[in-house]
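If you're matching them up, the sequences are chains A and B in order.
Taking my numbering, the leading residue of the first sequence gets 1, the next gets one more, and so forth.
Taking my numbering, the leading residue of the second sequence gets 1001, the next gets one more, and so forth.
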Amino acid sequence: MTQSIQFTVNGDLVQVDVQPHWTLLRVLRDVLELNGVKQGCGEGECGACTVLVNGAPINSCIYPILEAEGKEILTIEGLLGKDNSLHPLQQAFLKKAGVQCGFCTPGMIMSAKALLDANPNPSEDEIRHAIAGNMCRCTGYVQIVESIQHAAELKSKQSE
Amino acid sequence: MRTFEYLKPTSVKEALELLDQYGEKAKLIAGGTDVMVQWKKRILSPDYLISLRNVPELHVIDYDADLKIGAGTTHRALELSPIIQEHFPVILDAVSNLGSVQVRCSATMGGNICNAAPSADTAPPLLVLDTEVHAVSSKGERSIPISEFFGGPSRTVLEHGEIVTHFQIPRPSPNTGMAYWKLTRRAAMDLPILGVAVLLSFQEPDAVTCNKARIGLGVAAPTPMRAKKAEAFLEGKVIDEKVLAEAGAMAVEEASPRTSIRGSKWYRESLIPVLVRRTGLRCQQRVKGAAA
């Protein structure tokens, strides 16, 4: 029952052969070798697999691959600039020690990206609300919140 | 290989034809936050999944004489809707702490209601809003009061071949306050230990005498339920803490909570009066706040 579908990943149009029961996560990691996106719980609970679909954060581990057809997918790899420069969120997570073991980081950053795209200057409550579906088992949430606040500052400086 | 065929109709009519064609071998999927997990856990193994995600007519939030919420509307769309934010705070209370942003971007109100979990966060708000559930099949349409929609845990009165298209909610009368209280251990990614929705309509903007009361309870019985005796008790009364606590005590008599992993029977029974009182007071405050 292999089907061939097209969608956009990080700006590039891709065509892949998939099985209907595959998830978006499986295709991103195992077919397209975008291993930045992580599998955690596999049940939509932990947020490690968060990517943006048409700008909205979703858990790719429970996202049916056939729903990706024609959509625009953004993963952590897509945040890198054309000159390989780090995105303000990536810079901020390094600067403010928002990374411990790193497993939650790609999902955390994608949730933060969706937040900052809609709300460039979020309050701490708004940040916590936005990343509530991203579990960090190192529990470094304070630094993660600070990282997102710092990223918002970096982005506002960039746009000045 | 364990797999399924994934079908993507673009109209309700087409979805109904597929449902009729494949019968019991088919299962509807909306956002997939329940269905995909159940498939992975081998609770469900349909031969055909019929996706409702690409049916535009199911994605509406329309406020005119009534509020119409399409079954395919995501919780995120409701959370961000100015109509919901301004006029239906009881729905906003429920959807803004349901799952996570990621879950809410996929999960739909139709899915939450049709999955029929006793803990469904949107059920108590829809109960207090006197919602009509509209369903369609190839044989025709019907509307079902939400209070008669649930048949048991994970069961609805829908028959195979029926699709819920939308929820119809009457416009609340002036001086109406409504709120949902979700009792949980953490704010996100948790199911309620208890969910309490209250709606109180008052004769005047000073929010003294109640002329209509609704109490919707989640995780208090095998299905989401209304506490009708407690509602009747409140109607015509001057609303204060004591009266609301009495209503809460009556609501416990109507409920039949059980002990589960999230909370025990006695704890739930102890908390129903507390949360009915608190949520009722919040309704009253919201009416006063709007008048101020």
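Ideal Cβ positions, reconstructed from N, Cα and C, are used throughout, including at glycine.
Task: Own chain, CB closer than 8 angstroms to residue 1237/B, minus 5 neighbours either side, in chain order - done: On the second sequence, residue 1237/B is found 237 positions in, with the first residue counted as 1. The residues are 1209, 1210, 1243.
Task: Exposure of residue 1160/B, with buried meaning 16 or more beta-carbon neighbours within 10 Å - done: Taking the second sequence and counting its residues from 1, one reaches residue 1160/B at position 160. Label assigned to residue 1160/B: exposed.
- [ ] Taking C-beta pairs closer than 7 angstroms, name the residues in chain A that residue 1004/B reaches, listed in chain order.
- [x] Within the second sequence, the letter at position 4 stands for residue 1004/B. Near residue 1004/B (Cβ distances below 7 angstroms), the residues of chain A are 20, 21.
Open item on the list: What does the alpha-carbon distance come out to for the pair residue 76/A and residue 1060/B?
Closed with: In the first sequence, the residue the question calls residue 76/A occupies position 76. In the second sequence, the residue the question calls residue 1060/B occupies position 60. Residue 76/A and residue 1060/B: Cα-Cα distance of roughly 32 angstroms.
TODO: Indicate the three-state DSSP secondary structure (helix, strand or coil) for residue 129/A in the structure shown.
DONE: Within the first sequence, residue 129/A is the residue found at index 129, counting from 1. If DSSP states are grouped into helix, strand and coil, residue 129/A belongs with the helices.
Task: Alpha carbon of residue 1050/B to alpha carbon of residue 1111/B, nearest angstrom - done: For the purposes of this step, residue 1050/B is identified with residue 50 of the second sequence, where counting begins at 1. For the purposes of this step, residue 1111/B is identified with residue 111 of the second sequence, where counting begins at 1. Within the model, the alpha-carbon separation for residue 1050/B versus residue 1111/B is close to 13 angstroms.
Task: Given residue 35/A as reference, the closest of 51/A, 46/A, 22/A, 20/A once Cα atoms are compared - done: Your numbering for residue 35/A matches position 35 in the first sequence. Among 51/A, 46/A, 22/A, 20/A, the Cα nearest to that of residue 35/A is on 51/A.
- [ ] Look up residue 1/A in the DSSP assignment and say whether it is helix, strand or coil.
- [x] Start at 1 with the first residue of the first sequence, and residue 1/A comes out as number 1. In this structure, residue 1/A counts as coil in the three-state DSSP scheme.
TODO: Please name the residues in the segment 1005–1018 of chain B whose beta-carbon is closer than 8 angstroms to at least one beta-carbon of chain A, in chain order.
DONE: Against chain A - using a Cβ distance shorter than 8 angstroms - the residues of the segment 1005–1018 of chain B are 1005, 1006, 1008.
- [ ] Have a look at the DSSP bridge pairing and note the partners of residue 1105/B.
- [x] In the second sequence, residue 1105/B corresponds to position 105, counting from 1. None; residue 1105/B has no bridge partner.
- [ ] Using a threshold of 7 angstroms, state whether the C-beta atoms of residue 1100/B and residue 140/A are closer than that.
- [x] Taking the first residue of the second sequence as position 1, residue 1100/B is located at position 100. Taking the first residue of the first sequence as position 1, residue 140/A is located at position 140. No, these two residues do not count as a Cβ contact at 7 angstroms.
- [ ] Give a yes or no on whether the minimum CB-CB distance between residue 86/A and chain B is below 7 angstroms.
- [x] In the first sequence, the residue the question calls residue 86/A occupies position 86. For residue 86/A, the nearest beta carbon of chain B is not closer than 7 angstroms to its own beta carbon.
Task: Touch test, the segment 1270–1288 of chain B against the segment 1176–1186 of chain B, Cβ-Cβ under 8 angstroms, three pairs minimum - done: As far as the Cβ criterion goes, the segment 1270–1288 of chain B touches the segment 1176–1186 of chain B, which means the pair count is three or higher.
Task: The beta strand (DSSP E) enclosing residue 1181/B, as first and last residue numbers - done: Along the second sequence, read from residue 1 onward, the residue named residue 1181/B stands at position 181. 1176–1183 is the span of the beta strand (DSSP E), which, as asked, contains residue 1181/B.
Task: Simplified DSSP assignment, three categories, for residue 106/A - done: Taking the first residue of the first sequence as position 1, residue 106/A is located at position 106. The three-state secondary structure of residue 106/A, taken from DSSP, is helix.
- [ ] Closer than 7 angstroms by beta-carbon distance: list the chain A residues that pair up with residue 1021/B, in chain order.
- [x] For the purposes of this step, residue 1021/B is taken as residue 21 along the second sequence, with counting starting at 1. Correct list: empty, because the minimum Cβ distance to chain A is about 17 angstroms.
Open item on the list: My output table needs one value for residue 1125/B: the three-state DSSP class, helix, strand or coil.
Closed with: Taking the second sequence and counting its residues from 1, the one referred to as residue 1125/B is at position 125. Secondary structure at residue 1125/B: helix, using DSSP grouped into helix, strand and coil.
Open item on the list: Does the contact criterion of 3 or more C-beta pairs under 8 angstroms hold for the segment 54–66 of chain A versus the segment 104–117 of chain A?
Closed with: The segment 54–66 of chain A is in contact with the segment 104–117 of chain A.
Open item on the list: Our contact map puts residue 115/A next to residue 130/A with C-beta atoms below 8 angstroms; I'd like the distance itself, whole angstroms only.
Closed with: One-based indexing of the first sequence puts residue 115/A at position 115. One-based indexing of the first sequence puts residue 130/A at position 130. Indeed they touch by this definition, with Cβ atoms about 4 angstroms apart.
- [ ] Would you list, in sequence order, the uninterrupted alpha helix (DSSP H) runs of no fewer than 4 residues that lie entirely inside the segment 1001–1045 of chain B?
- [x] The qualifying runs are 1012–1022, 1035–1040.
- [ ] Please report how far the alpha carbon of residue 1013/B lies from the alpha carbon of residue 135/A, in whole angstroms.
- [x] Residue mapping note: residue 1013/B aligns to position 13 of the second sequence, counting from 1. Residue mapping note: residue 135/A aligns to position 135 of the first sequence, counting from 1. Roughly 41 angstroms between the two C-alpha positions.
- [ ] Spell out whether any CB of chain A is found under 7 angstroms from the CB atom of residue 1197/B.
- [x] Against the second sequence, residue 1197/B aligns to sequence position 197. It does not: the Cβ of residue 1197/B has no partner Cβ on chain A nearer than 7 angstroms.
Task: Assigned exposure category for residue 123/A - 16 Cβ within 10 Å defines buried - done: Residue numbering aside, residue 123/A sits at position 123 when the first sequence is read from its first letter. Only exposed fits residue 123/A, as fewer than 16 other CB atoms lie within 10 angstroms of its CB.
- [ ] Starting from the beta carbon of residue 130/A, find every residue of chain B whose beta carbon is closer than 7 angstroms, and list them in chain order.
- [x] Along the first sequence, one-based indexing puts residue 130/A at 130. What residue 130/A touches in chain B: 1101.
Task: Span separating the alpha-carbon of residue 2/A from that of residue 1090/B - done: Position 2 of the first sequence, counted from the start, is the residue given in the question as residue 2/A. Position 90 of the second sequence, counted from the start, is the residue given in the question as residue 1090/B. Those two C-alpha atoms are separated by around 45 angstroms.
Open item on the list: Bridge partners for residue 72/A per DSSP, in chain order?
Closed with: The residue labelled residue 72/A in the question sits at position 72 within the first sequence. Per DSSP, 8/A.
- [ ] Please list the partners that residue 1207/B has in chain A, where partner means a Cβ-to-Cβ separation under 7 angstroms.
- [x] The count along the second sequence starts at 1 and reaches residue 1207/B at position 207. Chain order gives no chain A residues near residue 1207/B, where near means a beta carbon separation below 7 angstroms; the closest approach is about 28 angstroms.
Open item on the list: On the DSSP letters alone, give me the boundaries of the beta strand (DSSP E) that residue 1321/B sits inside.
Closed with: This structure does not reach residue 1321/B, given that chain B is present from 1001 up to 1292, and the question cannot be answered.
TODO: Grab me the residues of residue 162/A's own chain with a C-beta within less than 8 angstroms of its C-beta, minus the 5 sequence neighbours each way, in chain order.
DONE: The question about residue 162/A has no answer, for chain A in this structure spans 1 to 160.
Task: Where residue 1077/B falls, given that 16 or more other Cβ within 10 Å makes a residue buried - done: As a position in the second sequence, residue 1077/B is number 77, starting the count at 1. With 16 or more other Cβ atoms within 10 Å, it is buried.
TODO: Would you mind stating whether residue 1032/B and residue 64/A have Cβ atoms separated by less than 7 angstroms?
DONE: Numbered from its first residue, the second sequence carries residue 1032/B at position 32. Numbered from its first residue, the first sequence carries residue 64/A at position 64. Here residue 1032/B is near residue 64/A, since their CB atoms are less than 7 angstroms apart.
Open item on the list: Contact criterion: CB-CB distance below 7 angstroms. Does residue 43/A meet it with respect to chain B?
Closed with: Within the first sequence, residue 43/A is the residue found at index 43, counting from 1. Yes, residue 43/A lies at the interface with chain B (some Cβ there is under 7 angstroms from its Cβ).
Open item on the list: Report the CB separation of residue 1272/B from residue 1194/B in whole angstroms; it is logged as a contact under 8 angstroms.
Closed with: By 1-based counting over the second sequence, the position of residue 1272/B is 272. By 1-based counting over the second sequence, the position of residue 1194/B is 194. With a Cβ gap of about 7 angstroms, residue 1272/B and residue 1194/B count as contacting.
Task: Ranges of the beta strand (DSSP E) found wholly within the segment 9–51 of chain A, counting only runs of at least 3 - done: Taking only runs of at least 3 residues, the beta strand (DSSP E) segments lying wholly in the segment 9–51 of chain A are 12–18.
Open item on the list: So residue 58/A contacts chain B; which residues on that side make the cut at Cβ distance below 8 angstroms?
Closed with: Locating residue 58/A in the first sequence gives position 58, counting from the first residue. Simply 1102, 1105, 1106.
Task: Residue span of the beta strand (DSSP E) that contains residue 1197/B, given as start and end - done: As a working note, residue 1197/B is residue 197 in the second sequence. Residues 1194–1202.
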